[in-house]
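Chemist: Residue numbers (the numbering used here): -18 to 170.
We put the beta carbon where it would ideally sit given N, CA and C, even for glycine.
Being a predicted model, the structure only gives us computed values, none of them experimental.
Before I ask anything, let me first share the structure, which is written out below as structure tokens.
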């Protein structure tokens, strides 16, 4: 149904008596679009929702237990695997903005959980202290609990298959940042 209300073309149903005012729009769509993405099968949305749920849980628990957040945990975890990494190395390894990594690095240095050593051409190589290694060991179970929750209904074979599929998807991510498509190249379908 298309009609006009206060000079605005309205497509679909709306409660005209609710006092709603449509400002600056020549047409308002009040029903779902037929070509809208299916939220149950759009993989980026599903991955985003799962990631957000895991990160929110982890962040809340880490703040409560250690007064550190998920970004701090990611830096500690990266240094547990790659001692001597620079902030740039960590940023690339955990796919975080370098400014966020630097903020976490500064927090962790102040807390004496990591130290920096001067390297070639002014680079700063980062290492866990004993307190940092102990913090890693204390934080790790909280992170693993989230994984256990979401994987609880999967068999070991399904977990292996899921990890294999996710690894294959991750190998495609360089194509996302190097894509030459511009919005003008997209046909909207």
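In angstroms with no decimal places, state the Cα-to-Cα distance between residue 35 and residue 50.
Modeler: Roughly 13 Å separates the two Cα atoms.
Chemist: Report the residue from 124, 84, 66 and 120 whose alpha carbon sits nearest the alpha carbon of residue 98.
Modeler: Residue 98 has its Cα closest to that of 66, out of 124, 84, 66 and 120.
Chemist: Which term fits residue 56, buried or exposed, when burial requires 16 or more other beta carbons within 10 angstroms of its beta carbon?
Modeler: Buried.
Chemist: Whole-angstrom Cβ separation of residue 31 and residue 123, contact assumed at under 8 Å?
Modeler: Wrong, their Cβ atoms sit about 17 Å apart, outside the cutoff.
Chemist: Taking 8 Å as the threshold (C-beta atoms), are residue 95 and residue 82 in contact?
Modeler: Not closer than 8 Å, so no.
Chemist: Less than 8 Å between the beta carbons of residue 125 and residue 61, yes or no?
Modeler: No.
Chemist: Classify residue 136 as buried or exposed, calling it buried when 16 or more other Cβ atoms lie within 10 Å of its own Cβ.
Modeler: Its Cβ having fewer than 16 others within 10 Å, residue 136 is exposed.
Chemist: For residue 103, count neighbouring Cβ atoms within 10 angstroms of its own Cβ and tell me buried if that reaches 16, exposed if not.
Modeler: Exposed is the call here.
Chemist: Under DSSP, the alpha helix (DSSP H) around residue 80 begins and ends at which residues?
Modeler: Per DSSP, residue 80 belongs to the alpha helix (DSSP H) from 79 to 91.
Chemist: Taking the alpha helix (DSSP H) that residue 19 falls in, what are its first and last residues?
Modeler: Careful: residue 19 lies outside any alpha helix (DSSP H) and carries neither H nor E.
Chemist: If I measure Cβ to Cβ from residue 117 and keep anything under 6 Å in the same chain, skipping five residues before and after, which residues do I get?
Modeler: Excluding positions up to five away in sequence, the list reads 57 and 61.
Chemist: List, from N- to C-terminal side, the alpha helix (DSSP H) runs of 4 residues or more that fit wholly inside the region 39 to 65.
Modeler: Runs found: 51 to 62.
Chemist: Let me know if residue 78 comes out buried or exposed under the rule of 16 or more other beta-carbons within 10 Å of its beta-carbon.
Modeler: Under this definition residue 78 is an exposed residue.
Chemist: Quick one: residues in its chain with C-beta nearer than 6 Å to the C-beta of residue 38, no 5 flanking neighbours on either side, listed in chain order?
Modeler: The answer, listed in chain order, is 127.
Chemist: Spatial neighbours of residue 52 within its chain, please: C-beta separation below 7 Å, excluding the five flanking residues on both sides.
Modeler: Result list for residue 52: 77, 81 and 85, in chain order.
Chemist: Expressed to the nearest angstrom, what Euclidean distance is found between the alpha-carbon atoms of residue 140 and residue 21?
Modeler: When rounded, the distance between both Cα atoms is 21 Å.
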